[in-house]
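Worksheet: the structure to be examined is printed underneath.
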Amino acid sequence: MIKDITSPSTMLPQIPTSRFVSAGRDNRILFWDSAAQNGLVKPARKQKFPDIPEVVKYQPGEINLAVQCNNGAVYIIRDGPGDAGPVRHLIVAQAQLKHVTADMHWGLGRTKNLLFASSACLADGTGYHRAFDVAKGRAVVNFDAEGQACSTLTTDPFGDNLYIATEGPDSRYTLRQYDVRDLARKTAKQHIDLEPFAGNPSRNDMDINCLSVSSDGIYIAAGRMDNRLDVYDARMLARGLLYNFAHEGGGPGTDSYGVVKVQWVDGVPFGTGFLSGGVDGCVRLWDMKLAGEDPRNGEVLARCDYDVATFTLGNMYQGEAPLVVGERSGKVTMFGYQKPDPWD
Numbered sequence: 376m377i378k379d380i381t382s383p384s385t386m387l388p389q390i391p392t393s394r395f396v397s398a399g400r401d402n403r404i405l406f407w408d409s410a411a412q413n414g415l416v417k418p419a420r421k422q423k424f425p426d427i428p429e430v431v432k433y434q435p436g437e438i439n440l441a442v443q444c445n446n447g448a449v450y451i452i453r454d455g456p457g458d459a460g461p462v463r464h465l466i467v468a469q470a471q472l473k474h475v476t477a478d479m480h481w482g483l484g485r486t487k488n489l490l491f492a493s494s495a496c497l498a499d500g501t502g503y504h505r506a507f508d509v510a511k512g513r514a515v516v517n518f519d520a521e522g523q524a525c526s527t528l529t530t531d532p533f534g535d536n537l538y539i540a541t542e543g544p545d546s547r548y549t550l551r552q553y554d555v556r557d558l559a560r561k562t563a564k565q566h567i568d569l570e571p572f573a574g575n576p577s578r579n580d581m582d583i584n585c586l587s588v589s590s591d592g593i594y595i596a597a598g599r600m601d602n603r604l605d606v607y608d609a610r611m612l613a614r615g616l617l618y619n620f621a622h623e624g625g626g627p628g629t630d631s632y633g634v635v636k637v638q639w640v641d642g643v644p645f646g647t648g649f650l651s652g653g654v655d656g657c658v659r660l661w662d663m664k665l666a667g668e669d670p671r672n673g674e675v676l677a678r679c680d681y682d683v684a685t686f687t688l689g690n691m692y693q694g695e696a697p698l699v700v701g702e703r704s705g706k707v708t709m710f711g712y713q714k715p716d717p718w719d
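One rule links them: number in the numbering used here = place in the sequence shown (from 1) + 375.
The following block contains the structure:
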């Protein structure tokens, strides 16, 4: 199964413009060059890890690649000429504690040299939430989230605020916001209990898979294991749930992961919207100007044979594939732009 896909967010002379990286359950990450589009493409480089790599993310504007593994650690690789292998080993939770690294996210702006990472212990529901100075190779702050296990985390596009979704007692999920401009402040600035899961699902059928903040910092979307997407006001979480969207199918007992990723897009004249990948095998576009139940909403941009495990958007002006989708089957597909029919 494909666990994650990423590509550099900006053009760098050290990295091919067509580069993207995928992570799988074989404990390896693969470096691909999407420019060689002659049928099946072979990876340009492989790297193996001591545990399953769940998430891979390039540091914005840099050649550092962070690899999150299930052993409570994050590895930093430099993807440049002559560079190979892990160069730093950041410990989120000691191995003897039996934690997994739940999620991680690079800082931006004034926090660009920080990597935020959290852990979760499946046995007792505890977790650690840290900010690492990558240059120093050590944690510089431990955030207070009442010791709860992390489900997922993200920052706003400015790198000023960190959002962490945690699982508490009785499988109650909480979203917390931290002002990371001041690392001396370890407690949450605001928080809200997220919407409960419908019915009586088992713990294995409940989780918050992903968080994503809109480019203006106004909205935050939560992708859930029950195939729902809930949108809140990131500036005032106390306003409660603003919008609810959903992919087709899914639910308890379907052996699916629900909505696995959300990515915001905006532009004139269309305004603000976001893409999501779910159990129906589709990457969909949601328009914030339309209601969740509007049949025009949730336009399908790509349809796959299996559940969407992850996806990433590329910049065609930098020679990247516009959309790369990883399926639960392990298949990776690069989608191009469809030219409009002149007769339509």
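Just so you know, even glycine gets a beta-carbon here, dropped at the ideal spot from N, CA and C.
Inset, instruction - Would you tell me roughly how many angstroms separate the C-alpha atoms of GLY633 and GLU702, rounded to the nearest one? - result: 13 angstroms
Inset, instruction - Keeping to the same chain, check which residues put their C-beta closer than 8 angstroms to that of GLY656; ignore five residues upstream and five downstream. - result: ARG678, CYS679, ASP680, TYR681, ASP682, VAL683 and GLU702
Inset, instruction - Sort out for me which residues DSSP pairs PRO428 with in a bridge. - result: CYS444
Legend entry - Between the CA atoms of ASN575 and HIS464 - distance to the nearest angstrom: 40 angstroms
Legend entry - Backbone CA spacing between ALA425 and VAL449 [nearest angstrom]: A small fix is needed here, since residue 425 is Pro in this sequence, not Ala. Straight-line Cα distance between these residues: approximately 11 angstroms.
Inset, instruction - Counting only the same chain and skipping the five closest in sequence on each side, list residues whose C-beta sits under 6 angstroms from that of GLN443. - result: GLU429, VAL430, VAL449, THR476 and MET479
Legend entry - ASP454 beta carbon less than 9 angstroms from that of PHE406: yes
Inset, instruction - Check the DSSP bridge columns for GLN422 and list the partner residues they point to. - result: ILE404
Legend entry - Segments assigned alpha helix (DSSP H), at least 4 residues, entirely inside the stretch 468-492: none
Inset, instruction - Could you check the C-alpha separation between GLY711 and LEU698 for me, to the nearest Å? - result: 7 angstroms
Inset, instruction - Check the C-beta distance from SER587 over to VAL637 and give it rounded, since I have them as a contact under 8 angstroms. - result: 4 angstroms
Inset, instruction - Could you tell me which residues DSSP pairs with GLU674 in its beta bridges? - result: LEU660
Legend entry - Residue-level contact to chain B via CB, LYS421, 9 angstroms cutoff: Of the chains in the structure shown, none is chain B; there is only one protein chain.
Inset, instruction - Using three-state DSSP, classify ALA520 as helix, strand or coil. - result: coil
Legend entry - Exposure of LEU650, with buried meaning 16 or more beta-carbon neighbours within 10 Å: buried
Inset, instruction - Mark GLN523 as exposed unless 16 or more other C-beta atoms lie within 10 angstroms of its C-beta, in which case mark it buried. - result: buried
Inset, instruction - Could you pull the start and end residues of the beta strand (DSSP E) that TYR618 belongs to? - result: 616-621
Inset, instruction - Please report the residue range of the beta strand (DSSP E) in which TYR594 lies. - result: 594-599
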